[in-house]
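Notes follow once the structure below has been shown.
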Ligand code: HEM
Ligand SMILES: Nc1ncnc2c1ncn2[C@@H]1O[C@H](COP(=O)(O)OP(=O)(O)OP(=O)(O)O)[C@@H](O)[C@H]1O
Ligand SMILES: Nc1ncnc2c1ncn2[C@@H]1O[C@H](COP(=O)(O)OP(=O)(O)OP(=O)(O)O)[C@@H](O)[C@H]1O
Ligand SMILES: [Mg+2]
Ligand SMILES: [Mg+2]
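Chains as they are written, first to last, in the numbering used here: chain U, 1 to 218; chain W, 1001 to 1218; chain Z, 2001 to 2255; chain P, 3001 to 3205; chain Y, 4001 to 4205; chain R, 5001 to 5052.
In structure tokens, the structure reads:
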């Protein structure tokens, strides 16, 4: 178990910045938004929570294809499936490694990007809280998407297509928490929903992922 | 030359919808935006041109990693490099195939998504024109990014990091054309700039891409 | 630095290019560096203390003008570091001197630090002056883009295993990136006319920077320039040693 | 416990490839699978390793006792030789990787990244992985591809040692390994077009 | 024109691997490269194919005359056997793919997607690609990996026909192909640690 | 000694603080890395001279 986690982390760091790149992508996407919609401060402030959540989601999504595809190509998954480690546990660990290398850094840097997007003062805390609570769900759901598409050569785009709709509830509640927070409203209800989704997904999704992966390994 | 183009197109269609997926991703990203920023019609109308351009850009970006990586893995690039076809020409053709399977469908479907995003009436023509003029540049610049990162295992994220800043000028002028069009202003100046960038990039970038690829094949 | 087991190469280039030889380069920098460190430290200390303690407040900006002694030199160096990387990359692509490309590699983190200082001091300055930490002003925006180019450049170095491949690819990226950085600058200017002051270092625009601010600023700029050179030379030496260690290890493994 | 295969029928791409395969593999025994290209060796081995279900027939004694090695070795280019071995050892609950390193003469390559090995060196590392699984049944698909003569001998020696310590091995190969072992020619079990593909979908075939 | 190699020194990963390699290859000749794993055969062949520059030495007569085939065959899993061959024929300005199909007995597999072939069948298709290049010098890295005995004979036959028609071939292999050809043992050309890696950076090595 | 920074004290002090911190960190990092590389190289050279 720990061996798998440390190996995945080591690989993420060595293969040219597993940490850095997710971050950099998040940064770039949020930086591109003003170029696209124009440099109007109050407009930016209004869409800031949503854009930051969307940016985090896309950064997560883009790194998903590294999650299983490499291990599939070089046969590691075949060998893991025949190993004593249950596939469910292996996939949970891989999701955890993905979160540590992608989700966690995003959470930590989001306040800086909030500044760039003119996020109103009270929004910062809630942005961080909602991301910290929501990104684990993104990693776990993403693992399912990766398991579904792992047999497909370069299934990156297909996976995005499958995963994005699954991300909708997390995105809605997460962005709602951040938005209400930024407008000084009470974010408890969406926060509870977000927490519920994350808890449920972390507990149950690995079962589905393992089932999908087993089919793909056949 | 034609053989390479038809093969790339055939592969894109057969390998599970090269056309469909770019489109679908574009669709989903633009659909996610209302979830993220909240369903306020006039807000959506205001950010519509920018969001559509950003969506097109991301859809393009996400399909870039198929552009060369598959051919690298199975040795096709080695063999192409030793073939009579100059590498510059081969890469131009690959960029063209990428545009036909990704950029062109985006251009064609953008009016529909404009409706979803409440794009104001006069904006439609200019949205389509700007995308038609700008997406070829995206494909060509993307080919350069792909050529730079082709040796790196699963360099998708790294490639995004390298390519996104290169996309900035195209994005700014493209989105500006669409935005001015939507607001009934005169978009000629940014349109000319956009055309200039596309022309320059199409003419010169393949040289850089071929140079990078040759280094990577060593 | 012991490279005593090296034999002399058959024919060596002379003059400036002779420093493309790593041994000679290390020999030179070994001698120059102490002086460089000392000078840069001295001018930084003098400039910053002068600026911070012994200059008056501006009538409009109050004490915030003191930020200029960090902001302007770091912004200058951030841009010039990239320019130096561009020149060094070109030298590598044309003459294939390893030291040159290693110097470019060594300069990137320094450039990033300078960019970060410029961004941070600018943001802190902007809060009282413009009422916001950040505005999408063209100067600021193109700085952010420069920051992204630095990140991309460093990430590419980190991602590629073979040093010569990495050198070639990062050099090509530096070239293409420079063109696009200039393009972006124009695009951004077109897209938004900003808040930031224009060039005020030119001496004829006396209204912008009075002499009291001007001289300590010059000392600070000199300090930053010297520090940049000291850092880059030292780091290039480090990169050369890492390359050599790598080569020796590989040779050992193969023997 | 012996590995016993009874009347196995395996399919690839929805079509039966082999049928009526039966054998059993005792402790200390090796079995060489032979057969021309495309005859179904790979399919059979993947089925035994539990990576795909058989169409019909029974496999007993395979559960959690098989170490499978095919062309893809599960090696990470960015990890060193020892790191790769350590990882697989940990996954299979083992600790000691020295026997593996020694059997395949990997000591001089120990600190090299796996991605910088030559084809044959990579292959040796892939085979060394078998030793750190601690599993008794080795199921190997063309293990000696790219190996030079010396390395093939090294491999044969490792197999002999494994058999001597009570393990068993099932090896598909086209070349002569110099092992004293029974041979099974899968060509004789080629599925005839009569073979049905499954229970509920006979109508398709 | 003969392929002539004079005093070639090739490097991999920044280190010299082979030095002082000299030979020439006339029309109708084949040369077999031998050497233990990791001795530098692959590196030498890639250099000759023009995929990497030599450290020093001269290669004449290689420009645009080499057809290179290694482990990766440049085959697309989603294209059929004929489509794959047609594509490479078009890239090399050829038209007729029937000789290639016939030489490697691919007719029964013609309409199968390349991805559904077995390891040996895929290899046969990769070798058939050589015939559609129309290039006179074949440079082959372990061409017979995964082939059964019959297919190896098929390959040897194709090489003989190629030589008879005035072509030449350079083959790195660990097994005996049954070809009557000269052999070059690269192990004798191993670069000593004295060899320098480049022009201006002597101090690195 | 300390000049009166007025209401902008926070801004000026934090700008100086962070910038100097960044510079010092950069210099320290550079020197630590340099020292480490130097030591590693000397060790390797010594070993390879003893072996060969
Ligand atoms: C994050 C925000 C900021 C960034 C990235 C930034 C960046 C820059 C850059 C790139 C330069 C040009 C250096 C050169 O080429 O000479 C510069 C100069 C300067 N900046 Fe800023 N700046 C920022 C905020 C501010 C603010 C808020 C002020 C003051 C209100 C300011 C005042 C100045 C002054 C006086 C100069 C010197 C002008 C010159 O000599 O060219 N900056 N800054
Ligand atoms: N995905 C697939 N769809 C359809 N048929 C397939 C597929 N994969 C393999 N086959 C066919 O199944 C048969 C058995 O293939 P298998 O790979 O098991 O052969 P093999 O004995 O391992 O051959 P080799 O010695 O060439 O490796 C072959 O005829 C092959 O063409
Ligand atoms: N990327 C790399 N970095 C450093 N060394 C490498 C790299 N790739 C290969 N090598 C080393 O270069 C040497 C030559 O490798 P090469 O692949 O040419 O050998 P080979 O003769 O083809 O061996 P095999 O028979 O195993 O295929 C080997 O010692 C190998 O370990
Ligand atoms: Mg097989
Ligand atoms: Mg080889």
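A virtual CB, placed ideally from N, CA and C, is assigned to each residue, including glycine.
Quick one: is residue 4150 (chain Y) buried, meaning 16 or more other Cβ sit within 10 Å of its Cβ, or exposed?
Here residue 4150 (chain Y) refers to the residue found at position 150 of the fifth chain. Burial call: exposed.
Mind checking if residue 4175 (chain Y) is an interface residue toward chain P, Cβ cutoff 8 angstroms exclusive?
Taking the first residue of the fifth chain as 1, we reach residue 4175 (chain Y) at position 175. Chain P contact via Cβ: present.
At a Cβ cut of 7 angstroms, what residues of the segment 4010 to 4031 of chain Y count as close to chain P, listed as they run along the chain?
Those residues of the segment 4010 to 4031 of chain Y that come within reach of chain P (Cβ to Cβ, closer than 7 angstroms) are 4013.
Any Cβ of chain Y within less than 8 angstroms of the Cβ of residue 1086 (chain W)?
What you label residue 1086 (chain W) is simply residue 86 of the second chain in a count that begins at 1. With 8 angstroms as the cut-off, residue 1086 (chain W) does not count as an interface residue toward chain Y.
For a contact meaning CB atoms closer than 7 angstroms, what does residue 3120 (chain P) contact in chain Y?
Along the fourth chain, one-based indexing puts residue 3120 (chain P) at 120. 4037, 4038, listed in chain order.
Run through DSSP, which three-state label would residue 2995 (chain P) get?
Nothing in the structure corresponds to residue 2995 (chain P), since chain P is present only between 3001 and 3205.
Kindly confirm or deny that the segment 4003 to 4011 of chain Y and the segment 4021 to 4036 of chain Y touch, where touching means at least three C-beta pairs closer than 8 angstroms.
yes
Checking contacts by CB at 8 angstroms: is residue 208 (chain U) closer than that to chain Z?
Against the first chain, residue 208 (chain U) aligns to sequence position 208. Answer no: the Cβ-Cβ gap between residue 208 (chain U) and chain Z never drops below 8 angstroms.
Do the CB positions of residue 4083 (chain Y) and residue 4189 (chain Y) come within less than 8 angstroms of each other?
The residue given as residue 4083 (chain Y) occupies position 83 in the fifth chain. The residue given as residue 4189 (chain Y) occupies position 189 in the fifth chain. Taking 8 angstroms as the Cβ cut-off, residue 4083 (chain Y) and residue 4189 (chain Y) do not qualify as a contacting pair.
Along the segment 2078 to 2095 of chain Z, where does the CB come closer than 7 angstroms to a CB of chain R? Name the residues.
Correct list: empty, as no residue qualifies.
Listed in chain order, which residues are found with a beta carbon closer than 7 angstroms to a heavy atom of ligand 5?
P:3118, P:3119, P:3120, P:3146, Y:4041, Y:4042, Y:4141, Y:4142, Y:4172
Kindly indicate which three-state DSSP category residue 3204 (chain P) falls into: helix, strand or coil?
Numbered from its first residue, the fourth chain carries residue 3204 (chain P) at position 204. Confidence in residue 3204 (chain P) is poor, its pLDDT being 48 and thus under 50, which makes the residue's placement unreliable; the coordinate value appears in the next sentence. Correct three-state label for residue 3204 (chain P): helix.
Would the beta-carbon of residue 4176 (chain Y) be found less than 7 angstroms away from any heavy atom of ligand 3?
The sequence position of residue 4176 (chain Y) within the fifth chain is 176, counting from 1. It does not: the Cβ of residue 4176 (chain Y) is nowhere closer than 7 angstroms to a heavy atom of ligand 3.
Compare the C-beta of residue 74 (chain U) against all C-beta atoms of chain P and say whether one is closer than 8 angstroms.
As a working mapping, residue 74 (chain U) is identified with position 74 in the first chain. Nearest CB-CB separation between residue 74 (chain U) and chain P: below the 8 angstroms threshold.
What residues of chain P sit near residue 2161 (chain Z), judged by a beta carbon separation below 9 angstroms?
Residue 2161 (chain Z) sits at position 161 when you count from the first residue of the third chain. The contacting residues are 3077, 3078, 3113, 3115, 3116.
Please check if any C-beta of chain W sits within less than 8 angstroms of the C-beta of residue 4096 (chain Y).
Here residue 4096 (chain Y) corresponds to residue number 96 of the fifth chain, with the count starting at 1. No, residue 4096 (chain Y) does not count as interfacial toward chain W.
Let me check understanding here. Comparing Cα to Cα, which of Y:4161, Y:4011, Y:4105, Y:4171 lies closest to residue 4122 (chain Y)?
Start at 1 with the first residue of the fifth chain, and residue 4122 (chain Y) comes out as number 122. When each option's Cα is compared against that of residue 4122 (chain Y), the closest is Y:4105.
Are the C-beta of residue 3137 (chain P) and some C-beta of chain U separated by less than 8 angstroms?
Along the fourth chain, one-based indexing puts residue 3137 (chain P) at 137. Judged by the 8 angstroms Cβ criterion, residue 3137 (chain P) is not in contact with chain U.
Going by beta carbon distance, what residues of the same chain come within less than 6 angstroms of residue 1126 (chain W), once the five residues before and after it are set aside?
Counting from one through the second chain, the residue named residue 1126 (chain W) turns up at place 126. Only 1177, 1178, 1181, 1187 meet the Cβ criterion.
Does the distance from the C-beta atom of residue 2101 (chain Z) to that of residue 2088 (chain Z) stay below 8 angstroms?
Here the question's residue 2101 (chain Z) lines up with position 101 in the third chain. Here the question's residue 2088 (chain Z) lines up with position 88 in the third chain. Residue 2101 (chain Z) is a Cβ neighbour of residue 2088 (chain Z), given a cutoff of 8 angstroms.
Once you ignore the five residues that flank residue 4047 (chain Y) on each side, which residues in its own chain have a CB closer than 6 angstroms to its CB?
In the fifth chain, the residue the question calls residue 4047 (chain Y) occupies position 47. Taken in chain order, the residues that qualify are 4010, 4054.
Bridge partners of residue 1025 (chain W), per DSSP?
On the second chain, position 25 is the one that residue 1025 (chain W) refers to. In DSSP, residue 1025 (chain W) forms no bridge with anything.
In this structure, how does DSSP classify residue 4140 (chain Y) when only helix, strand and coil are distinguished?
Here residue 4140 (chain Y) corresponds to residue number 140 of the fifth chain, with the count starting at 1. Note: residue 4140 (chain Y) maps to strand in three-state DSSP.
Looking only at C-alpha atoms, which of W:1081, W:1106, W:1086, W:1149 sits nearest to residue 1133 (chain W)?
Here residue 1133 (chain W) is taken as the residue at index 133 of the second chain, counted from 1. It is W:1106 whose Cα lies nearest to the Cα of residue 1133 (chain W).
With a threshold of 8 angstroms between beta carbons, is residue 51 (chain U) in contact with chain W?
Locating residue 51 (chain U) in the first chain gives position 51, counting from the first residue. By this cut-off, residue 51 (chain U) is an interface position.
If we require 4 or more residues per run, which alpha helix (DSSP H) segments fall completely within the segment 2051 to 2133 of chain Z?
2068 to 2095, 2098 to 2130
Check each residue of the segment 20 to 37 of chain U: if its Cβ is closer than 8 angstroms to any Cβ of chain Z, include it; give the result in chain order.
20, 21, 24, 27, 28, 31, 34, 35
Quick one: is residue 3129 (chain P) near chain B, going by C-beta distance under 8 angstroms?
In the structure shown, chain B cannot be found, because the protein chains are U, W, Z, P, Y and R.
Helix, strand or coil, according to DSSP, for residue 2034 (chain Z) in the structure here?
Your numbering for residue 2034 (chain Z) matches position 34 in the third chain. The answer is helix: DSSP assigns residue 2034 (chain Z) an H, G or I state.
Let me see if you follow: with CB-CB separation under 8 angstroms, is residue 11 (chain U) close to chain Z or not?
If you number the first chain from 1, residue 11 (chain U) lands on position 11. No, residue 11 (chain U) does not count as interfacial toward chain Z.
Going along chain Y in order, which residues have a C-beta closer than 7 angstroms to the C-beta of residue 3148 (chain P)?
The residue given as residue 3148 (chain P) occupies position 148 in the fourth chain. The contacting residues are 4036, 4037, 4174.
Residues of chain Y with a CB under 9 angstroms from the CB of residue 3132 (chain P): which are they?
Taking the fourth chain and counting its residues from 1, the one referred to as residue 3132 (chain P) is at position 132. Those do not exist, as residue 3132 (chain P) stays about 21 angstroms from chain Y at its closest Cβ, beyond 9 angstroms.
Just to check my reading of the structure: residue 4033 (chain Y) and residue 4184 (chain Y) have Cβ atoms closer than 8 angstroms, yes? What is that Cβ distance to the nearest angstrom?
Here residue 4033 (chain Y) corresponds to residue number 33 of the fifth chain, with the count starting at 1. Here residue 4184 (chain Y) corresponds to residue number 184 of the fifth chain, with the count starting at 1. Indeed they touch by this definition, with Cβ atoms about 5 angstroms apart.
For residue 3066 (chain P), return the contacting residues in chain U, with the cut-off set at a CB-CB distance below 7 angstroms.
Translated into positions along the fourth chain, residue 3066 (chain P) becomes position 66. Going along chain U in sequence order, the residues near residue 3066 (chain P) (Cβ under 7 angstroms) are 82.
Starting from the Cα of residue 3042 (chain P), find the closest Cα among P:3180, P:3186, P:3137 and give me that residue.
The residue you call residue 3042 (chain P) lines up with position 42 of the fourth chain. If we check each option's Cα against that of residue 3042 (chain P), P:3186 comes out closest.
Buried or exposed, going by whether 16 or more other CB atoms sit within 10 Å of the CB of residue 5047 (chain R)?
Numbered from 1 along the sixth chain, position 47 holds the residue referred to as residue 5047 (chain R). The residue in question, residue 5047 (chain R), is exposed, as its Cβ has fewer than 16 Cβ neighbours within 10 Å.
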